[in-house]
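Engineer: Pasting in a structure now, in structure tokens, and then I'll have a few things to ask.
Number of protein chains: 4
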Amino acid sequence: MTHRIAILGASGYTGAELVRLIATHPDMKIVALSADRKAGMAMAEVFPFLRHLDLPRLQKIDEIDFSGIDLCFCALPHATTQVVVSALPRDLKIVDLSADFRLRDPAEYEKWYGQPHTATDLQKEAVYGLTEFYRDDIRDARLVAGTGCNAATGQYALRPLISAGVIDLDNILIDLKAGVSGAGRSLKENLLHAELSGGTHTYSMGGKHRHLGEFDQEFSKLAGRPVHIQFSPHLLPMNRGILATTYVQGDARVIHQTLTDAYATEPFLQVLPFGALPSTRDIAGSNYCHIGVIADRIAGRAVVVAVLDNLTKGSSGQAIQNANLMLGIEETAGLTLAPMFP
Amino acid sequence: MTHRIAILGASGYTGAELVRLIATHPDMKIVALSADRKAGMAMAEVFPFLRHLDLPRLQKIDEIDFSGIDLCFCALPHATTQVVVSALPRDLKIVDLSADFRLRDPAEYEKWYGQPHTATDLQKEAVYGLTEFYRDDIRDARLVAGTGCNAATGQYALRPLISAGVIDLDNILIDLKAGVSGAGRSLKENLLHAELSGGTHTYSMGGKHRHLGEFDQEFSKLAGRPVHIQFSPHLLPMNRGILATTYVQGDARVIHQTLTDAYATEPFLQVLPFGALPSTRDIAGSNYCHIGVIADRIAGRAVVVAVLDNLTKGSSGQAIQNANLMLGIEETAGLTLAPMFP
Amino acid sequence: MTHRIAILGASGYTGAELVRLIATHPDMKIVALSADRKAGMAMAEVFPFLRHLDLPRLQKIDEIDFSGIDLCFCALPHATTQVVVSALPRDLKIVDLSADFRLRDPAEYEKWYGQPHTATDLQKEAVYGLTEFYRDDIRDARLVAGTGCNAATGQYALRPLISAGVIDLDNILIDLKAGVSGAGRSLKENLLHAELSGGTHTYSMGGKHRHLGEFDQEFSKLAGRPVHIQFSPHLLPMNRGILATTYVQGDARVIHQTLTDAYATEPFLQVLPFGALPSTRDIAGSNYCHIGVIADRIAGRAVVVAVLDNLTKGSSGQAIQNANLMLGIEETAGLTLAPMFP
Amino acid sequence: MTHRIAILGASGYTGAELVRLIATHPDMKIVALSADRKAGMAMAEVFPFLRHLDLPRLQKIDEIDFSGIDLCFCALPHATTQVVVSALPRDLKIVDLSADFRLRDPAEYEKWYGQPHTATDLQKEAVYGLTEFYRDDIRDARLVAGTGCNAATGQYALRPLISAGVIDLDNILIDLKAGVSGAGRSLKENLLHAELSGGTHTYSMGGKHRHLGEFDQEFSKLAGRPVHIQFSPHLLPMNRGILATTYVQGDARVIHQTLTDAYATEPFLQVLPFGALPSTRDIAGSNYCHIGVIADRIAGRAVVVAVLDNLTKGSSGQAIQNANLMLGIEETAGLTLAPMFP
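Residue numbers (the numbering used here), protein chains in the order written: chain U, 162 to 503; chain H, 162 to 503; chain P, 162 to 503; chain W, 162 to 503.
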């Protein structure tokens, strides 16, 4: 059975990635695409790489007839999203890719996003979309909140370790390396090719990155007590991919075994042999996440390195994985594309 | 029905690209992989991006039992290929990706490749693998010779124009821009990141590039008289993609219409609206070829720009498209993956 | 003797490149820097790579006291430039890097830039800044108009050949590959790293690129009759550098000898041995231009390949070379920095 | 007075970088260049970007007459270097860029480099070449051992903090991001453009990187007790530059002040305002090192970020800075080139 899909905010990178993935999804068909400023345009004008597909024209959201739509992906900017989702039909399944419904606590939302939440009911209803850890809730959810791409990478490295109590909760540090597509298609000087290629720099350092809100919420919940990690993001001259170098204190072998066991049956989470570490090149364009563990020369210290593609497993692929669950489809449907290398 | 596939030379980029594409092919299953020096290794050791797949170990060619194999892709270096293919079972379907069987004339082969051909019978038997123009022959062929990736790009831009007689045959010039994966995984100083990134240079200039042998053969055959084009390749700091800027003399509108008509029903050849020109980014990782036409300010001159991915439509995608025909499968099976952008 | 220098428009790439080069110039000292919207800021805030230098703060142009200034570089957007230069003191030496004073004929200016020229007197007075060919005029000039970077590259490949009458004037084609810094620091979607890296596309094709105005003017003047070339620019995923593949009809050996002779004593124009072709990597960051010549396999056709750095020899380095002449300094002063490789 | 210079091992990147820098050095002249396998070739054949320079041909080392040479830079592979330097005239000043003389303790050398040292006398004589901290010793030295490029970066971030006792010596972690030229011009699969561009991965993780030998030696000496840091290098798709994200425990303001005071008069070490963090783009091609400090949200934790160009300040620029001291020249001579941006 083919499910009818709408994508709101189709003119950004995560919107385009949804279209790319759904193009070969066996059970989904795109019937509506929105893009506010580009309404009226063909998708092929906005993203010529999609020109071989037969897609609906871009519309304004209020022009869309949602009556025959089964599920709606919402790839809009945060804050805007709250307003839009509030106005959608109550019986529409929604997978949101913005930050609007990730945090349970309105105070935390306001702290990290600088403004009060205007749809706290929806915020309460939303299920956090880290598929492997909220699978059952997602299956029954009407509204799923996609995670931050950095937040997903760090959680895949750390959640089983926190749950199993095999690392020191007060000494967790993630040094993260992110590709530029995570910043979206926005016109900023530091995202220009001439500014970005051939070099690297940090951003949102010192505990200011908003994904810390998710880390705090999820890790504290898992641990049953407040957990505050250190998190240092770097922007790299590459388009896709996140590599999270995660520094922990604990026994590296135990850590590796804990992750191996936790992910033994997961289709997309691949734990490498002990001592092998992953590369972002090996997951580009795919829904796979590779995780490696190594011991440091200093006794009691280990490094867990996780990689995923921010646009796929970190957002649009995750969103489809969640949608598959919500629609009762095979969880991996449309998501087994191999990475592209080189 | 699932067809059983072998890939010889699986440790190079075209071999890996075949595996990537077949991974989501509905009707093919890889049952044997060869790599001479890496025999015994798992494919995931050679190409970690394929680690999620359940693949046979790499073997030496003579360890492979070809009895149950339906079709064999041969992604070996040229010259080696002649020897290997000569020794394969006579009833095995073969798609060769090397240069060994592209040229009909042994003298031309010797001229361009610097040594006599040692399997002239096979050379005679082989069908030239430019799918859209040799479809019927390919369907019935036992041995198909994949085209050069540059040769494919130029032919997609020019063949209908030569056939229709709408351009001057004595003034055809292709200025080609190629990504680095076309040079393979070989260890050469000029392919190092430190040497290649951030700059560009020409190579095989002045009529020395071997793909000229294919252009000469095919264009002369089409025209019914010798046609010798000018061909200037450039290496660009990008991994995938070829852009062929093709300079011709003729009426640009007529040229555009001729291409549009010729490719109207082709699933993978997309002619852009008149005046629009393509980008390699819009076909990366896919089997699509985009073609644009524009008039120059000088009356009677036109430019045809064609782009394709050298590893996909230029070699491994083309090979699968041909294999689909040879196996009686839907021609587009496994090949409708959307390009990856960004 | 140290000459006192002002730079108007110091917040763009050519402005920054002027500062970079003057930083080690033995006879120049920067005493004023302008940037309209960034007035009041330190240069180190706008370009942190210049933070080791002791530079004046950015000002608005009308805040600058020009009385003690010997020479002013003007790196402003075109059209704006006419207005600004008209208001500068009549006795100030000016090297302009914009397009405003490159074309002699007001009608040509209007044709290529889409608006009437508002300072036709200055336009008449300005000397075209292609140093090697206008050296004497530049020495005596008050106002020098820097050339287009693409226009400079093509002229270095072609001027001696046109003068010597060794090529067919009706069959000149430049297929040009340009790095992205030529487009400036402007916020355009197609200049983003995520859009530009890893691929290539054409721009201003079909005879629409404005530098054709310069080619037409200069080549026609040299030839003594109208010369209209074909010119096809491509944008490459690299920050600096232009490679002009110039297709001509003539004897390749004669062409090589003509260029070798013409540039024998030029400090910055280097003709490679016959058959050797240049790479943009070998001139990055420097004022050198490398030129190579090769014969095609088709008799009577030759290819001249010229490379230079658009920000250096193509604009800011050229500007300083011209300023050196105007100030009576050694022409090469401050310009002998070696290229940066890798 | 012009000093006569030899460079041994001129066909690698650090050798070429020495030539690039000396090209505009006011007091040095290159009179001999060696490259074993490329002896007899012109430097312009090996590095075309140097073709504008008048340089001696490449020789074998034993063909060089050292009698008139004032100082010799040795840019040879480690191990080879010991043998070569042992055979050089005893009165020749030598700046070595290899790893051979960096470690004082033969046992440490053997531990990190896997073989016994064969020139322990020279090892004892050599002065560690981190200019700012060994200035007086270097001035009087005959043999200076250039530091590792990663080791230099980390030490610039940390030495004053260890000396001042303002950080916890048992909790120092450097997460380092390095450009690819640090790996040299060697032909390795993972250094190919197709393998490296567009992605990132770790290397020598877990306490295996040889520069740890230098960190251990220097930090322990400074602290007066063993100090063992954690060090995790990553390879980035960029040619030049190192960014060391250094995690320490201490008061961020105190740390910033300590660094600011320590480097107040240093010409090449620039401490940014508190809270500002550097980019590798802002030092590319130069001898400058930028350092920034920020507090983490977790009380008592600070991050020090240092950037430098591995080929310049990290090796060849440092070597010239040391040579300047040894020759009694102005320390900054030839080294004030501005970085190249973009």
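Glycine residues also receive a C-beta, built at the ideal position from the N, C-alpha and C atoms.
In this text the structure is predicted, and so the values were computed from the model without any measurement.
(1) Looking at the structure shown, is T426 of chain W part of a helix, part of a strand, or coil, going by DSSP?
(2) Apart from the five residues on each side of it in sequence, which residues of its chain come closer than 6 Å, Cβ to Cβ, to D231 of chain P?
(3) So for F208 of chain H, helix, strand or coil by DSSP?
(4) What does V388 of chain W touch in chain U if you count any residue whose Cβ is under 8 Å from its own?
(5) With distances taken Cα to Cα, identify the nearest neighbour of V465 of chain W among W:V244, W:P439, W:L488, W:Y449.
(6) What does the alpha-carbon distance come out to for the pair L182 of chain U and F435 of chain H?
(7) For P398 of chain P and chain U, any beta-carbon pair shorter than 9 Å?
(8) Do R442 of chain H and F502 of chain U have their beta-carbon atoms positioned less than 9 Å apart in this structure?
(9) Relative to the C-alpha of I459 of chain U, which candidate in W:G475, W:G275, W:F392 has its C-alpha closest?
(10) Are I452 of chain H and A318 of chain H closer than 9 Å when you measure CB to CB?
(11) Measuring CB atoms only, is the segment 376 to 394 of chain H touching the segment 342 to 358 of chain W, in the sense that at least three cross pairs come out at less than 8 Å?
(12) What residue does the alpha helix (DSSP H) around Y270 of chain H start on, and which one ends it?
(13) Taking CB distances under 9 Å as the criterion, tell me whether V207 of chain H reaches chain U.
(14) Does DSSP classify P250 of chain U as helix, strand or coil?
(15) What does the Cβ neighbour count give for R198 of chain U, buried or exposed, with the cut at 16 atoms within 10 Å?
(16) Counting only Cβ-Cβ distances shorter than 7 Å, please list the residues of the segment 311 to 343 of chain U near chain W, keeping chain order.
(17) Can you check DSSP and say which residues form a bridge with S128 of chain U?
(18) May I have the straight-line CA-CA distance separating V246 of chain H from L472 of chain P, to the nearest angstrom?
(19) Is I452 of chain W close to chain U? Criterion is C-beta to C-beta, closer than 9 Å.
(20) Can you tell me the Cα-Cα spacing of D215 of chain P and I191 of chain P, whole angstroms?
(21) Which residues mark the beginning and the end of the beta strand (DSSP E) in which V305 of chain P is found?
(22) Can you list the alpha helix (DSSP H) stretches of 4 or more residues lying completely in the segment 328 to 381 of chain U, in chain order?
(23) With respect to the beta strand (DSSP E) encompassing R462 of chain W, which residues constitute its N-terminal and C-terminal limits?
(24) Give me the Cα-Cα distance between A205 of chain U and A499 of chain H, rounded to the nearest whole angstrom.
(25) Could you compute how far the alpha carbon of D261 of chain P sits from the alpha carbon of G340 of chain U?
(26) Please list the residues of the segment 362 to 376 of chain H that have a C-beta atom closer than 9 Å to any C-beta atom in chain P, keeping them in chain order.
(27) State the Cα-Cα distance for the pair M366 of chain U and G359 of chain P, rounded to the nearest angstrom.
(28) A184 of chain H touches chain U at which residues, Cβ-Cβ below 9 Å?
(29) Measuring CB atoms only, is the segment 375 to 384 of chain W touching the segment 419 to 433 of chain W, in the sense that at least three cross pairs come out at less than 8 Å?
(30) I'd like to know whether the C-beta atoms of I299 of chain H and G309 of chain H end up nearer to each other than 9 Å.
(31) For V468 of chain P and A196 of chain W, what's the separation of their Cα atoms in angstroms?
(32) Straight-line CA distance for R263 of chain U to G307 of chain U?
(33) Quick one: is A248 of chain U buried, meaning 16 or more other Cβ sit within 10 Å of its Cβ, or exposed?
(34) Return the first residue and the last residue of the alpha helix (DSSP H) that R176 of chain P is part of.
(35) State the DSSP-derived secondary structure class of F234 of chain U, mapped to helix, strand or coil.
(36) Given that D443 of chain H touches chain U, what residues does it touch there, using C-beta distances under 9 Å?
Structural biologist: Quick answer:
(1) As a first step, residue 426 of chain W is located in the fourth sequence; it is residue number 265 there, counting from the start. In the three-state reduction of the DSSP assignment, T426 of chain W falls in the coil class.
(2) Translated into the one-based positions of the third sequence, residue 231 of chain P becomes position 70. The residues H164, R165, in chain order, have a CB closer than 6 Å to that of D231 of chain P in the same chain once the five nearest residues on each side in sequence are set aside.
(3) Along the second sequence, one-based indexing puts residue 208 of chain H at 47. Here F208 of chain H sits in coil by DSSP.
(4) Stepping through the fourth sequence from its first residue, residue 388 of chain W is reached at position 227. Simply none; closest approach about 11 Å.
(5) Within the fourth sequence, the letter at position 304 stands for residue 465 of chain W. Ranking the options by Cα distance to V465 of chain W, first place goes to W:P439.
(6) Here the question's residue 182 of chain U lines up with position 21 in the first sequence. Here the question's residue 435 of chain H lines up with position 274 in the second sequence. Computed Cα separation, rounded: 29 Å.
(7) Your numbering for residue 398 of chain P matches position 237 in the third sequence. Closer than 9 Å: yes.
(8) The sequence position of residue 502 of chain U within the first sequence is 341, counting from 1. The sequence position of residue 442 of chain H within the second sequence is 281, counting from 1. The Cβ-Cβ distance between F502 of chain U and R442 of chain H does not fall below 9 Å.
(9) As a working mapping, residue 459 of chain U is identified with position 298 in the first sequence. For the residues W:G475, W:G275, W:F392, the minimum Cα distance to I459 of chain U belongs to W:F392.
(10) Against the second sequence, residue 452 of chain H aligns to sequence position 291. Against the second sequence, residue 318 of chain H aligns to sequence position 157. When the beta-carbon positions are compared, I452 of chain H and A318 of chain H come within less than 9 Å of each other.
(11) These segments do not touch.
(12) By one-based count along the second sequence, residue 270 of chain H stands at place 109. DSSP places Y270 of chain H inside the alpha helix (DSSP H), whose first and last residues are 267 to 274.
(13) Taking the second sequence and counting its residues from 1, one reaches residue 207 of chain H at position 46. The beta-carbon of V207 of chain H is placed no less than 9 Å from the nearest beta-carbon of chain U.
(14) As a first step, residue 250 of chain U is located in the first sequence; it is residue number 89 there, counting from the start. If DSSP states are grouped into helix, strand and coil, P250 of chain U belongs with coil.
(15) What you label residue 198 of chain U is simply residue 37 of the first sequence in a count that begins at 1. Here R198 of chain U is exposed: its Cβ has fewer than 16 other Cβ atoms, across all protein chains shown, within 10 Å.
(16) Taking 7 Å as the cut-off between beta carbons, the residues of the segment 311 to 343 of chain U near chain W are L334, D336, K338, in sequence order.
(17) Only positions 162 to 503 of chain U appear in this structure, which leaves residue 128 of chain U out of reach.
(18) Residue numbering aside, residue 246 of chain H sits at position 85 when the second sequence is read from its first letter. Residue numbering aside, residue 472 of chain P sits at position 311 when the third sequence is read from its first letter. Distance from the CA atom of V246 of chain H to the CA atom of L472 of chain P, rounded to whole angstroms, is 53 Å.
(19) The sequence position of residue 452 of chain W within the fourth sequence is 291, counting from 1. Not an interface residue.
(20) Translated into positions along the third sequence, residue 215 of chain P becomes position 54. Translated into positions along the third sequence, residue 191 of chain P becomes position 30. It is roughly 9 Å from the alpha-carbon of D215 of chain P to the alpha-carbon of I191 of chain P.
(21) As a working mapping, residue 305 of chain P is identified with position 144 in the third sequence. DSSP places V305 of chain P inside the beta strand (DSSP E), whose first and last residues are 304 to 306.
(22) If we require 4 residues or more, the alpha helix (DSSP H) runs fully inside the segment 328 to 381 of chain U come out as 354 to 357.
(23) Within the fourth sequence, residue 462 of chain W is the residue found at index 301, counting from 1. Annotation: the continuous beta strand (DSSP E) that includes R462 of chain W extends over 462 to 469.
(24) Start at 1 with the first residue of the first sequence, and residue 205 of chain U comes out as number 44. Start at 1 with the first residue of the second sequence, and residue 499 of chain H comes out as number 338. A205 of chain U and A499 of chain H have their C-alpha atoms some 12 Å from each other.
(25) Your numbering for residue 261 of chain P matches position 100 in the third sequence. Your numbering for residue 340 of chain U matches position 179 in the first sequence. Whole-angstrom Cα-Cα distance: 39 Å.
(26) Residues passing the 9 Å Cβ filter: H362, T363, Y364, M366, G367, G368, K369, L373.
(27) The residue you call residue 366 of chain U lines up with position 205 of the first sequence. The residue you call residue 359 of chain P lines up with position 198 of the third sequence. Near 29 Å, if we compare the C-alpha coordinates of G359 of chain P and M366 of chain U.
(28) Residue mapping note: residue 184 of chain H aligns to position 23 of the second sequence, counting from 1. Neighbours of A184 of chain H in chain U, taken as residues whose beta carbon is under 9 Å from its own, are T497, L498, A499 in chain order.
(29) Segments in contact, no.
(30) Counting from 1 along the second sequence, the entry for residue 299 of chain H is found at position 138. Counting from 1 along the second sequence, the entry for residue 309 of chain H is found at position 148. For I299 of chain H and G309 of chain H, no; Cβs fall outside 9 Å.
(31) The residue given as residue 468 of chain P occupies position 307 in the third sequence. The residue given as residue 196 of chain W occupies position 35 in the fourth sequence. Between the alpha carbons of V468 of chain P and A196 of chain W lies a gap of roughly 28 Å.
(32) Working through the first sequence from its first residue, we reach residue 263 of chain U at position 102. Working through the first sequence from its first residue, we reach residue 307 of chain U at position 146. Going by C-alpha positions, R263 of chain U is about 7 Å away from G307 of chain U.
(33) Counting from 1 along the first sequence, the entry for residue 248 of chain U is found at position 87. By the neighbour-count rule (16 or more Cβ atoms within 10 Å), A248 of chain U is not buried but exposed.
(34) Counting from 1 along the third sequence, the entry for residue 176 of chain P is found at position 15. For clarity, residue 176 of chain P is Gly in the given sequence; the question names Arg instead. Run containing G176 of chain P: 174 to 183, per the alpha helix (DSSP H) assignment.
(35) If you number the first sequence from 1, residue 234 of chain U lands on position 73. Strand at F234 of chain U.
(36) By one-based count along the second sequence, residue 443 of chain H stands at place 282. Against chain U, the beta carbon of D443 of chain H has neighbours under 9 Å at F208, P209, F210, L211, R212, listed in chain order.
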